[in-house]
Amino acid sequence: MTAVTLGSWHNPPLAYVVAELVISPHYSIANAIPSIQDRLRNAYPRTIEGQEIVIDGNKPSAQPVWRLLSADQSCGVQLGTRAISIHSTSYAHSGEFLGRWADVLDTIGVVKLGAFVERAGLRYIDLIIPSGDHRPEDYLQPGLRGVLPEGAQTTGSMWATGFEFGDCVVNLRTAAPTPHGMLLPPEFNSIPLAKPKVMLEAENRVKDSLLIGFIDTDCVKEIQKVFDAAGLASIYTEMQKLVSKTFKTVLSPTAETEWI
-8 MTAVTLGSWH NPPLAYVVAE LVISPHYSIA NAIPSIQDRL RNAYPRTIEG QEIVIDGNKP
52 SAQPVWRLLS ADQSCGVQLG TRAISIHSTS YAHSGEFLGR WADVLDTIGV VKLGAFVERA
112 GLRYIDLIIP SGDHRPEDYL QPGLRGVLPE GAQTTGSMWA TGFEFGDCVV NLRTAAPTPH
172 GMLLPPEFNS IPLAKPKVML EAENRVKDSL LIGFIDTDCV KEIQKVFDAA GLASIYTEMQ
232 KLVSKTFKTV LSPTAETEWI
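197 is the number that this note's numbering gives to position 206 of the sequence shown; each next residue is one higher, with no gaps.
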């Protein structure tokens, strides 16, 4: 089953969103998985077991990971020894997504996992599908478009910066256009979810050697505290506001007209 869109805009470019808690290595998390699975089963009835490679110093090791997926595979919870996260490719508005995450956090609290949270993250991936004669860079503010020698065409342009908002940092990366064949940002770790309309369109353009772009907005905050569900839920509400503010800052009038 394929998701249609994410968010409440009339033509949203959002393709993927993930909220994540990076935790201190918690090797006994396997003991809590049955209880977590039972409590989340109504919303996430499908389970996929797997492994992820973790590098400690120069020694890589395989650690177990569990993915609990919704019936339509549009949303999933990933549980591992180093991180707990929720991924989505379909929701009506940000409040709905944060509500799902709050439910997961409450569940983790109820089972008394006792995890030590190192860092919180909230990341949005938006894809630029140019319309008509537009190019991907037309959807960004002029300052993000780089230079263009006379007589040349841009084949790939990537830009990155970080913004401090008190104790939060928003890392912004844009590619407009993306390098040939690139769909999602490098080193972005997704899970197998149903693909939204904008991602399917982007994939088809990449296959046809047509231009696309992306806007990658990633907010992080150091926590360094023992897990507290209520406190963490409120932190993500504030982080979402910072992500939204940053994202809207980079949009050109073309993007605002077509997307919002």
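Heads up, the beta-carbon is just placed ideally off N, CA and C, and yes, glycines get one too.
So what does residue i bridge to, in DSSP terms?
i	result
Asp207	Ile116 and Arg164
Gly153	Asn162
Ile44	Ala53
Ile251	Per DSSP, none; premise fails for Ile251.
Starting from residue i, trace the alpha helix (DSSP H) in both directions and tell me its first and last residue.
i	result
Gly71	Gly71 -> not in any alpha helix (DSSP H); beta strand (DSSP E) instead, spanning Cys66 to Gly71.
Tyr227	Ala220 to Thr240
Leu191	Lys188 to Lys198
Leu96	Ser85 to Val101
Roughly how many whole angstroms lie between the Cα atoms of residue i and residue j?
i	j	result
Thr237	Phe205	14 Å
His1	His84	12 Å
Val101	Ala53	28 Å
Val45	Tyr82	31 Å
Ser122	Leu131	14 Å
Provide the residue span of the beta strand (DSSP E) that contains residue i, from first to last.
i	result
Ser26	Run containing Ser26: none in the beta strand (DSSP E); it sits in the alpha helix (DSSP H), Ile20 to Leu31.
His78	Ala74 to Ser79
Ile14	Leu5 to Ile14
State buried or exposed for residue i, treating a residue as buried only when at least 16 other CB atoms are found within 10 Å of its CB.
i	result
Gly90	exposed
Pro177	exposed
Ala(-6)	Bear in mind that the predicted position of Ala(-6) carries a pLDDT of just 44, short of 50, making it unreliable; the figure below should be weighed with that in mind. It is buried - the Cβ of Ala(-6) has at least 16 other Cβ atoms within 10 Å.
Val138	exposed
Ser79	buried
Gly222	exposed
Thr208	buried
Just confirm the distance between the C-beta atoms of residue i and residue j, as a whole number of angstroms; I'd bet it's less than 8 Å.
i	j	result
Phe253	Val8	The shown model of the chain, from -8 to 251, leaves out residue 253, and the question about it has no answer.
Val56	Ile77	Contact flag wrong, Cβ pair sits at about 14 Å.
Leu163	Phe156	Contact doesn't hold; Cβ gap of about 12 Å is too wide.
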